[in-house]
Amino acid sequence: RKEVEQDPGPFNVPEGATVAFNCTYSNSASQSFFWYRQDCRKEPKLLMSVYSSGNEDGRFTAQLNRASQYISLLIRDSKLSDSATYLCVVNMEVYGGSQGNLIFGKGTKLSVKP
Amino acid sequence: DTEVTQTPKHLVMGMTNKKSLKCEQHMGHRAMYWYKQKAKKPPELMFVYSYEKLSINESVPSRFSPECPNSSLLNLHLHALQPEDSALYLCASSQEGAGKRNTEAFFGQGTRLTVV
Numbered sequence: 014r015k016e017v018e019q020d021p022g023p024f025n026v027p028e029g030a031t032v033a034f035n036c037t038y039s040n041s042a043s044q045s046f047f048w049y050r051q052d053c054r055k056e057p058k059l060l061m062s063v064y065s066s067g068n069e070d071g072r073f074t075a076q077l078n079r080a081s082q083y084i085s086l087l088i089r090d091s092k093l094s095d096s097a098t099y100l101c102v103v104n105m106e107v108y109g110g111s112q113g114n115l116i117f118g119k120g121t122k123l124s125v126k127p
Numbered sequence: 002d003t004e005v006t007q008t009p010k011h012l013v014m015g016m017t018n019k020k021s022l023k024c025e026q027h028m029g030h031r032a033m034y035w036y037k038q039k040a041k042k043p044p045e046l047m048f049v050y051s052y053e054k055l056s057i058n059e060s061v062p063s064r065f066s067p068e069c070p071n072s073s074l075l076n077l078h079l080h081a082l083q084p085e086d087s088a089l090y091l092c093a094s095s096q097e098g099a100g101k102r103n104t105e106a107f108f109g110q111g112t113r114l115t116v117v
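Protein chains in written order, with the working numbering: chain A, 14 to 127; chain B, 2 to 117.
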């Protein structure tokens, strides 16, 4: 089983649609969770961290379910500029509390059409 | 704009060449990373430096040699690469994770490497 799995996509949605991305991770020792966005031929950029209590940033809502090892990202009122690949990222701290390895999902491509 | 700066942005090199990729950050981060990303694939970790010491080497071939001269700089020395090593090489940095959760990483714009 892959460490971080995401919906394969691509997601093609009209402007204004609500779209949800799902992600599961296999290692229960995972400590930190993020959604990154990557535009074509650009570097990944942090979209938002994901907290156990869930968090919202404007049109974006992220949720974490540790029991199910499941992370989600909801985008409301999608814009043309939201078109990108969305990467689910999990950080498992190395034993001893040092920084760990960011494990990336394969990414889900979103295309928002007019 | 990213606060992690990588040079060069593009590099074409022959299989017998020696070149270096450079990465710099001034955010006071003590963890720095090299990732490799092939087209339509997610980034794959190559190396992690923590407090200027190599802490993770993901079984990367010796033709890739990392170096961390100080807390702000990270280099990747390349020698005798193969065409299949052509990829986007991403540098990233984060706060040292000890005792900290949600230590997000910030990426540079990458060096697009082509080996001919």
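Positions of the beta carbon are idealized from the N, C-alpha and C atoms, including for glycine.
(request) Report, in whole angstroms, the separation of the C-beta atoms of Leu89/B and Gly109/B, which I expect to be a contact under 8 Å. (result) The pair is not a contact, with the Cβ atoms about 10 Å apart (cut-off 8 Å).
(message) Residues of the region 36-60 of chain A in Cβ contact with chain B at a cutoff of 9 Å, in chain order, please.
(response) Of all residues in the region 36-60 of chain A, Gln44, Ser45, Phe46, Phe47, Tyr49, Gln51, Arg54, Lys55, Glu56, Pro57, Lys58, Leu59 have a Cβ within less than 9 Å of some Cβ in chain B.
(message) Quick check on DSSP: helix, strand or coil for Leu82/B?
(response) Correct three-state label for Leu82/B: coil.
(request) Under 7 Å between beta-carbons, which chain A residues line up against Val13/B? List them in chain order, please. (result) Under the 7 Å cutoff, chain A gives no residues; its nearest Cβ is about 16 Å from Val13/B.
(message) Rounded to the nearest angstrom, what separates Glu4/B and His30/B at their Cα positions?
(response) Each residue's Cα considered, the two are about 11 Å apart.
(message) For Tyr52/B, report the span of its beta strand (DSSP E) as first-last.
(response) Looking at the DSSP string, Tyr52/B is not in any beta strand (DSSP E), and its letter there is neither H nor E.
(request) Alpha carbon to alpha carbon, how far is Ala33/A from Ser39/A? Give it in angstroms, no decimals. (result) So the alpha carbons of these two residues sit roughly 20 Å apart.
(message) Is the separation between the beta-carbon of Leu75/B and that of Asn18/B shorter than 9 Å?
(response) No. Outside cutoff.
(message) Tell me which residue opens and which closes the beta strand (DSSP E) that Asn35/A is part of.
(response) Looking at the DSSP string, the run of the beta strand (DSSP E) that includes Asn35/A is 32-38.
(message) With a threshold of 9 Å between beta carbons, is Phe117/A in contact with chain B?
(response) With 9 Å as the cut-off, Phe117/A counts as an interface residue toward chain B.
(message) I want to know whether the region 49-59 of chain A touches the region 93-102 of chain A - three or more CB-CB distances under 8 Å.
(response) At 8 Å Cβ cutoff, the stretches touch.
(request) Measure the Cβ-Cβ separation of Cys101/A and Ile84/A and say whether it is below 9 Å. (result) The answer is yes: Cβ separation under 9 Å.
(request) Please determine, among Glu105/B, Ala32/B, Gln38/B, the residue with the shortest C-alpha to C-alpha distance to Ala50/B. (result) Note that residue 50/B corresponds to Tyr in the displayed sequence, not to Ala. Ranking Glu105/B, Ala32/B, Gln38/B by CA distance to the CA of Tyr50/B puts Ala32/B first.
(message) Whole angstroms are fine: how far does the CA of Phe107/B sit from the CA of Pro43/B?
(response) One alpha carbon belongs to Pro43/B, the other to Phe107/B, and they sit about 15 Å apart.
(message) What does the alpha-carbon distance come out to for the pair Asn114/A and Pro84/B?
(response) Distance between the alpha carbons of Asn114/A and Pro84/B: 27 Å.
(message) Does any residue of chain C have a CB that is nearer than 9 Å to the CB of Lys42/B?
(response) Absent here is chain C; the protein component of the structure consists of chains A and B.
(message) Helix, strand or coil for Asp95/A? Go by DSSP, reduced to three states.
(response) Here Asp95/A sits in helix by DSSP.
(message) Let's test the definition: count the other Cβ atoms within 10 Å of the Cβ of Val17/A and tell me whether it reaches 16, buried, or not, exposed.
(response) Around the beta carbon of Val17/A, a 10 Å sphere encloses 16 or more other beta carbons of the protein chains shown; the residue is thus reported as buried.
(request) Report yes if the CB atom of Gly29/A is closer than 9 Å to the CB atom of Leu123/A, and no otherwise. (result) In this structure, Leu123/A does not lie closer than 9 Å to Gly29/A by Cβ.
(message) Once the 5 residues before and after His168/B are set aside, which same chain residues still bring their CB inside 6 Å of it?
(response) Only positions 2 to 117 of chain B appear in the structure, and residue 168/B is not among them; the question remains open.
(message) Can you give me the C-alpha to C-alpha distance between Asn25/A and Phe73/A, rounded to a whole angstrom?
(response) The alpha-carbon of Asn25/A is positioned some 18 Å away from that of Phe73/A.
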